[in-house]
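Residue numbers for the sequence shown follow our numbering, so the first one is 645 and each next one is one higher. Before any comments, here is the structure.
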Amino acid sequence: MMNPAIFLIILALFALFQVSILPIPLGLLALIFWFIRRGEKYLVIFIATFSLLLAVISNLPAWAVLVATSVGLYTFIGAKHFLPGRLAVHLSLILASFIVWEATLVGLLRLFNA
């Protein structure tokens with residue numbers, strides 16, 4: 645069982661890691677794993693915290709990161725309810741949620757010229 649406070653620290657480290665070293669949404673991956681293991685408990689708080697940290701660190705609008713994170717995560721959650729629970733399906737959904745996250749963030753930034 646993971647403590648929510650420890651998970652917040654992990655999200656903060658993943659946000660730093662995403663901006664500084666590897667441009668893959670690792671925080672989104674951590675949120676997906678939290679949803680798979682623990683369900684929706686504290687999920688809104690974690691989404692808001694990760695989005696705010698990533699926005700502050702990367703100098704992006706917080707609302708755009710929040711919307712992109714929410715859309716990416718709920719794409720995974722919505723598709724997971726309709727598709728079978730196999731490992732290959734989960735990995736494909738995780739990859740699709742990464743693509744949706746990136747496309748949503750880029751689209752919102754271009755649309756609003758931020």
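Glycine residues also receive a C-beta, built at the ideal position from the N, C-alpha and C atoms.
| Item | Value |
| --- | --- |
| Beta-carbon spacing of F742, P669 below 8 angstroms | yes |
| Spatial neighbours of G671 in its chain, beta-carbon cut-off 7 angstroms, leaving aside the 5 residues before and after | L655, F658, A659, Q662, F694 and L698 |
| Inter-stretch contact at 8 angstroms, needing at least 3 Cβ pairs: the stretch 711-726 / the stretch 671-685 | yes |
| N-terminal and C-terminal residue of the alpha helix (DSSP H) that P648 is part of | P648 to S664 |
| Alpha carbon of S736 to alpha carbon of S664, nearest angstrom | 26 angstroms |
| Under the three-state DSSP convention, the category L675 falls into | helix |
| I701 (DSSP reduced to helix, strand or coil) | helix |
| Secondary structure of K685, DSSP reduced to three states | coil |
| Beta-carbon gap between I721 and F679 smaller than 8 angstroms | yes |
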